[in-house]
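Undergrad:
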Amino acid sequence: MKKTAKTLTARAVFARNLRRARRNRDITQEVMAFDAGLTRAYVSSVERGVRNISIDNMALLADAVGVPLKDLVDPEQFKDPDDL
Numbered sequence: 606m607k608k609t610a611k612t613l614t615a616r617a618v619f620a621r622n623l624r625r626a627r628r629n630r631d632i633t634q635e636v637m638a639f640d641a642g643l644t645r646a647y648v649s650s651v652e653r654g655v656r657n658i659s660i661d662n663m664a665l666l667a668d669a670v671g672v673p674l675k676d677l678v679d680p681e682q683f684k685d686p687d688d689l
């Protein structure tokens, strides 16, 4: 893995990538939560990186935004030039 100036935790990478994937699809947290069978409050805590999410729920959210789970845990995916 390539080192960056700011190394994120795996939880933070997932949170960032999930939020960006959701926004790329132009859907709300409420819609994503409904599609995944989760609550909006739960999804909000995941996107803020305060929830220690299970792999099963990670897969549900990946399906809800139509992105492979491997992309949501990849620090190089959904990267923004401002992240450096």
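Here the sequence shown stands for residues 606 to 689, numbered as in the working numbering.
Heads up, the beta-carbon is just placed ideally off N, CA and C, and yes, glycines get one too.
Source: prediction; values computed, not measured.
Would DSSP call Arg656 helix, strand or coil?
TA: Coil.
Undergrad: In this structure, does DSSP put Leu689 in helix, strand or coil?
TA: At Leu689 the pLDDT is 41, less than 50, meaning the model places this residue with poor confidence; the figure from the coordinates comes in the next sentence. Secondary structure of Leu689 (DSSP, three-state): coil.
Undergrad: So, at 6 Å on beta carbons, what are the nonlocal neighbours of Arg624 in its own chain, with the 5 sequence-adjacent residues on each side left out?
TA: Glu652
Undergrad: Can you give me the C-alpha to C-alpha distance between Ser649 and Gln634, rounded to a whole angstrom?
TA: 7 Å
Undergrad: Given a cut-off of 7 Å on the beta-carbon distance, is the pair Arg627 and Val670 in contact?
TA: The answer is yes: Cβ separation under 7 Å.
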